[in-house]
Amino acid sequence: MKKIVVVGGGAGGLELVTRLSKKLGRKGLAEVILVDRSKTHVWKPLLHEVAAGVIDKNSDGVDYRMHAVRNKYQFQLGNMQHLDSEKKFIVLDPLFDDEGQEILPERTIDYDYLVLSMGSVCNDFGTPGVAEHCYFLDSLKQAERFHKALLNQLLRINQSSTEQSSLHVAIVGGGATGTELAAQLHHVANLARAYGMPEMSSERLRVSIIEAGPRILPALPERIAASAKKALTDLGVNVMESAMVSEATEDGFITKTGDKVEADLLVWSAGVKAPEFLVNMGIFETNRANQILVNSHLQTTVSTDIFAIGDCCGFQQKDGTWVPPRAQSAHQMASVAAGNIINLFKGKPLKAYEYRDYGSLVHLSKYSTVGSLMGALVNSSMFIEGRLARLVYISLYNMHQYAIHGWFKGTMTLLGRKVSNFVGPKLKLH
Ligand SMILES: Cc1cc2nc3c(=O)[nH]c(=O)nc-3n(C[C@H](O)[C@H](O)[C@H](O)COP(=O)(O)OP(=O)(O)OC[C@H]3O[C@@H](n4cnc5c(N)ncnc54)[C@H](O)[C@@H]3O)c2cc1C
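Be aware that the sequence shown starts at 188, since it is given in our numbering, and climbs by one per residue.
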C-alpha cells in the first residue's frame, strides 16, 4: 500500500491529513501518517490568546493522537530535520523526555508522497540580542512560555508597594500578531483584578508597538490600519511607527536613532520566514523567505512526489508576488494539494492552485475588530468593523474546525468552547 507522509499538522497540514484519511486512508487505499513535533494542535492565529492567557490549550487544542484514532491515520511525534528525496525517506530527531532521557532514537519514515507543511518562524533579521532576550509566538510552547512570564510579572506589579510601578511590554512588529497581542494584554491586565490581583489594572500596564515601516498593519489597507491604530492609542498603547530596532537588550529595545524603549517583557513578532533547515538541506529551490518553490499543482520544483503547502510554500503568482503566509492560504492550499494527491491515486489530471484573497481582519480583543472583505464575497474590497467583522473573523476558525472535525463534531466542539468560555475562568492562571 502506498504511503503518504505529512510533516506539520498545523492550519494547513491537519486539514489536509483529515481529507486524505477520509478519501484514501479509511478506504484502505493508502497509509496516511502525520508527523508533528508537538502533541497538541492549536490553530496558530490563536497563539497570541494562549500567550495572553485568555484561552487554554486543554480546551482549545486538539490532541493529535486522539484525532488520528478518530480519523484513522497514524500520528508520529517527532521533529523532522532531514530528508532523502532520492531514497524517499524522512529522518526524525531522537525524542527526549523533560528530564533529557532519550525516549526514542533517531527514526526514519519512508514515503511514496510527502507533504511539507511545517509553517514558519519569526524572522529576527539577524538583529543582535533578539534570540537571547525576546519572546516569540511561533509555537504553542513559546506562547505558553510568554504566558508564564506574563503571570509572574502581573503578580510582581500587583504586590509592588510603589503606586507608580507598572509592567512594560514592548512588541516589535506592528502586524496582526503584534497589534492583536497588545489589545489582549490590555484586556488581561483588567481581568487580573478579578482573579486575585486587586492592585492590577490596565492603568499599570504600558504596551509599546515598535514598527519599522511607516504604519502598522502594512499588509492591510490604510483605512484598516488607521482604524486599528486609533483603537490601540485609545487604549493607551504607544504605537511607534518608522522606528527600526537595531538591538535587543535584557531590559529593552534600542532603535536605530539611539532611543531606548525600556521593557520588562520583550516580544518579537516582525516578519516570518520558513525554517532555515529547508534551505540548509540543499534539496529544494527556495526564495528569500526560505519557502520551498512549487509548481502550479503545489508539487516542489525538484520532485513531483513532494508537495509543500502553507507558510513554508513559495508560490509565485502571475503578477510576480508571493502568496502571503496566512491561515486562509494554508486552508486553500490544503484543499488543492489533498485533491491533487487523491487525483494521482485515481490517475486523474491535477488541478492548478490559485490564491483567493477573501480579505483580512484584525481582532483587537473585546475592543474592536476591523478588516476588509474582498474577492468572491463582494465585487471589490469592502471595509467592515464591529459585530460583522467579528463574525467573519470567527468564521475562519470555524471553517478550520469543520475541516478537521466534520460538520457535526465541529459544531459540537465549537459549542463546547462557548460553554467552557462561559463557565470557566476568563484568565488562565498557571
Ligand atoms: C499570533 C498569530 C496570529 C495570526 N493571525 C492570523 C489571522 O488572523 N489570519 C490569518 O490568515 N493568519 C494569521 N496568522 C498566520 C497563520 O497562523 C499562518 O499563516 C498559518 O498557521 C500557516 O499554516 P501552516 O499550516 O503553514 O503552519 P502552522 O499552522 O504554523 O503549522 C505548522 C506545524 O508544523 C509543525 N512543525 C514545524 N516544524 C516541524 C518539524 N521540523 N518537524 C515536525 N513538525 C514541525 C508545528 O508544530 C505545527 O504544528 C497568525 C499567526 C500568528 C503567529
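The beta-carbon is built from N, C-alpha and C at its ideal position, and this holds for glycine as well.
Between S607 and S246, the C-beta gap is smaller than 7 Å, which places the two residues in contact.
Here T473 is buried: its Cβ has 16 or more other Cβ atoms, across all protein chains shown, within 10 Å. Secondary structure at M384: coil, using DSSP grouped into helix, strand and coil. If you compare the alpha carbons of A238, M431 and I191 with that of E218, the shortest gap goes to I191. For C500, DSSP records a beta bridge to I479. The criterion of a C-beta distance shorter than 7 Å is satisfied by A357 and F440.
A contact between stretches requires three or more CB pairs, one per stretch, nearer than 8 Å, and the region 330-344 fails this requirement with the region 288-303. With a threshold of 16 other beta carbon atoms within 10 Å, W455 meets it and is buried.
DSSP, reduced to helix, strand and coil, places W509 within a strand of the structure shown. Taking 7 Å as the cut-off, the Cβ atoms of L221 and F262 count as close.
For G362, the shortest separation between its Cβ and any heavy atom of ligand 1 does not lie below 6 Å.
If one requires a minimum length of 4 residues, no alpha helix (DSSP H) run lies completely within the region 410-450. G215 sits exposed, since fewer than 16 C-beta atoms from the chains shown fall within 10 Å of its C-beta.
Taking the Cα of Y298 as reference, the smallest distance to any Cα among D271, V249 and P405 is reached at D271. If the five residues before and after A318 are omitted, its C-beta is found closer than 8 Å to the C-beta atoms of D311, all from its own chain and listed in chain order.
Here the C-alpha atom of A524 lies approximately 13 Å from the C-alpha atom of P536.
Counting along the chain, E572 sits inside the beta strand (DSSP E) bounded by residues M569 to E572. The bridge partners DSSP lists for E331 come to none.
Not one heavy atom of ligand 1 lies closer than 6 Å to the C-beta of S352.
By DSSP's assignment, Y322 forms a beta bridge with V454. Excluding residues up to 5 positions away in sequence, G265, N266, Q268 and E293 lie with their Cβ nearer than 7 Å to the Cβ of D280 in the same chain. In the same chain as N482, and ignoring 5 residues on each side of it, the C-beta atoms closer than 7 Å to its own belong to T488, in chain order. Considering only T227, K274, S388 and R393, the residue with the shortest C-alpha distance to A255 is T227.
Non-local beta-carbon contacts of R577 in its own chain, meaning distances under 8 Å to residues more than five positions away in sequence, involve H550 and T556 in chain order. In terms of side-chain proximity, the C-beta atom of V193 is found no nearer than 6 Å to any non-hydrogen atom of ligand 1. Residue pairing by DSSP places D250 opposite T227 in a beta bridge. Relative to I528, the option among V394, Y580, I496 and N377 whose CA is nearest is I496. Beta-bridge partners assigned by DSSP to L560: G546 and M569.
Contact check for D223 against Y251 passes: the beta carbons are separated by less than 7 Å. Beta-carbon to beta-carbon, F570 and R410 are separated by about 6 Å, close enough to satisfy the 8 Å threshold.
Note on geometry: alpha-carbon atoms of L583 and G507 lie some 27 Å from one another.
In this structure, the C-beta of P536 stays at least 6 Å away from each heavy atom of ligand 1. With a contact defined as Cβ atoms closer than 8 Å, L234 and A330 qualify at about 4 Å.
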